[in-house]
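The structure under discussion appears below in the form of structure tokens.
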Amino acid sequence: MSAKKKLLVLLPFEDTTKARLTDGLKNSVVEFSSDESVSVEQVINADGIIGNPPAEFCAASKRLKWVQVSWAGVDRYTKSIIFPRNIILTNVTGAFGHAISEHMVGCVFSLYKKLNLYRDNQNKSLWLDRGEVKSIEGSAVCILGLGDIGKAFAKRMKALGCYIIGIKRRASEKPDYVDELYLSEMLDEVIPKCDIVAMALPNTPETEFIMNRARIFSMKPGAVLINVGRGNAIDTDALCDALESGLLYGAALDVTSPEPLPSDHRLWKLENAIITPHVSGFYHLRQTYDNIVSICIDNAFRFDSDLPLKNIIDMETGYCR
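In terms of my numbering, the sequence shown opens at residue 272 and continues consecutively.
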């Protein structure tokens with residue numbers, strides 16, 4: 272009889288979830304720890320891990336076969352020169368679309384209706400009309416990255432009467448809620464036409480500074496830029512210049528470069544910028560937590576039964592295969 276596999280779980284599973292996992296495994300035993308307290312000894316003794324172990328711990332293991340992270344972005348591992356390429360890496364693509372797309376819609380409303388400025392007024396006990404606002408209906412929206420998050424945002428903005436233009440790196444059939452769909456090579460032609468440019472991209476060599484100074488300053492005057500992917504997709508200094516000059520109506524950033532954003536950074540002082548500390552896809556929405564748990568447990572059962580895993584990452588591109 273073959274020895275059982277050892278599965279190390281670092282995520283904050285509730286007791287009912289732990290029971291669901293352990294009861295469903297036939298060929299594995301489970302050890303529970305946490306991302307914060309996990310030791311290198313625990314990692315090197317595991318066959319599979321659910322969580323986000325340090326890359327250097329994984330590099331020390333000759334036994335580890337699979338790591339299931341709790342994020343969509345995996346650049347911590349794909350860009351690591353020491354993370355072993357023979358370890359299968361999977362993510363939780365599909366868990367965040369609902370929460371992050373709603374966050375994005377909320378940012379559009381806040382910027383278009385100047386709700387952020389009225390909050391500034393309120394903090395100063397100031398009764399002041401901030402002037403003209405925008406209508407979301409009829410806005411042309413360019414979405415960079417039409418994965419789970421981008422698609423969810425597209426559906427919501429389409430329902431609000433927007434014209435949706437999707438940008439993808441690979442050709443695919445156009446969804447019915449997208450009006451136009453292009454490959455990334457067309458980005459320079461699309462950007463100047465759009466009222467909103469929304470970014471939901473992973474950190475890959477192709478996406479780094481994809482919104483450089485030239486592209487930011489080619490945006491339509493009065494446009495809005497939203498980023499929920501990775502901060503280094505944007506030239507931050509160029510964005511600040513565009514906001515300060517009035518070229519852009521506003522920006523909403525859930526990710527920044529650098530991150531965390533230093534307290535003396537000029538972005539904090541721009542009233543037409545909304546900054547949140549990388550929280551749009553965290554566990555703050557219960558549904559997100561449930562989605563992550565569901566994906567992780569499904570893959571755990573697959574690993575236990577030697578079935579093909581879902582959401583396997585291509586270590587060269589940083590995307591799911």
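Ideal Cβ positions, reconstructed from N, Cα and C, are used throughout, including at glycine.
Around the beta-carbon of residue 418, 16 or more other beta-carbon atoms lie within 10 Å, marking it buried. DSSP, read as helix, strand or coil, puts residue 465 in coil. Annotated three-state conformation of residue 352 is coil, per DSSP. In this chain, residue 299 is not harboured by any alpha helix (DSSP H); it is covered by the beta strand (DSSP E) spanning 299–303. Judged by pairs of C-beta atoms under 8 Å, the segment 462–474 does not touch the segment 444–454, as fewer than three such pairs exist. Look at residue 496 here: in three-state DSSP terms it is strand.
In the three-state reduction of the DSSP assignment, residue 439 falls in the strand class. Between residue 514 and residue 544 the beta-carbon gap is near 6 Å, inside 8 Å, which marks them as a contact.
Considering only 308, 439 and 317, the residue with the shortest C-alpha distance to residue 275 is 317. The beta carbon of residue 527 lies closer than 6 Å to those of 502 in the same chain, with the five residues before and after it left out. Here residue 340 really is in contact with residue 362; their C-beta atoms are around 5 Å apart, less than 8 Å. For residue 373, the enclosing alpha helix (DSSP H) covers residues 368–383. Per DSSP, the unbroken beta strand (DSSP E) holding residue 521 starts and ends at 519–524. A direct Cα-Cα distance of roughly 11 Å separates residue 438 from residue 460. The count of Cβ pairs closer than 8 Å, one atom from the segment 527–538 and one from the segment 381–389, stays below three, leaving the stretches out of contact. Judged by DSSP in its simplified three-state form, residue 327 adopts helix.
Per DSSP, the unbroken beta strand (DSSP E) holding residue 451 starts and ends at 451–454. Under the three-state reduction of DSSP output, residue 457 falls in the helix class. Distance between residue 323 and residue 399, taken at the CA atoms: about 47 Å. The Cβ atoms of residue 462 and residue 428 do not sit closer than 7 Å to each other. From the listed residues 425, 383, 583 and 319, the smallest Cα separation to residue 575 is found for 319. The Cβ neighbour count for residue 287, taken over all protein chains shown within 10 Å, is under 16; the residue is labelled exposed. Using a Cβ distance threshold of 7 Å, residue 280 and residue 293 do not count as a contacting pair.
The alpha-carbon of residue 548 is positioned some 29 Å away from that of residue 403.
Annotation: residue 499 to residue 571 spans about 28 Å, alpha carbon to alpha carbon. Annotation: the continuous alpha helix (DSSP H) that includes residue 292 extends over 286–295.
Around the beta carbon of residue 380, fewer than 16 other beta carbons lie within 10 angstroms, which makes this residue exposed. Residue 358 sits in coil when the DSSP states are folded into three classes, being neither helix nor strand. DSSP places residue 426 inside the alpha helix (DSSP H), whose first and last residues are 419–430. Non-local beta-carbon contacts of residue 405 in its own chain, meaning distances under 6 Å to residues more than five positions away in sequence, involve 383 in chain order. Burial check for residue 555: the Cβ neighbour count within 10 Å stays below 16, so the residue is exposed.
Distance from the CA atom of residue 484 to the CA atom of residue 432, rounded to whole angstroms, is 30 Å.
Annotation: residue 281 is outside any alpha helix (DSSP H) and is labelled neither H nor E by DSSP.
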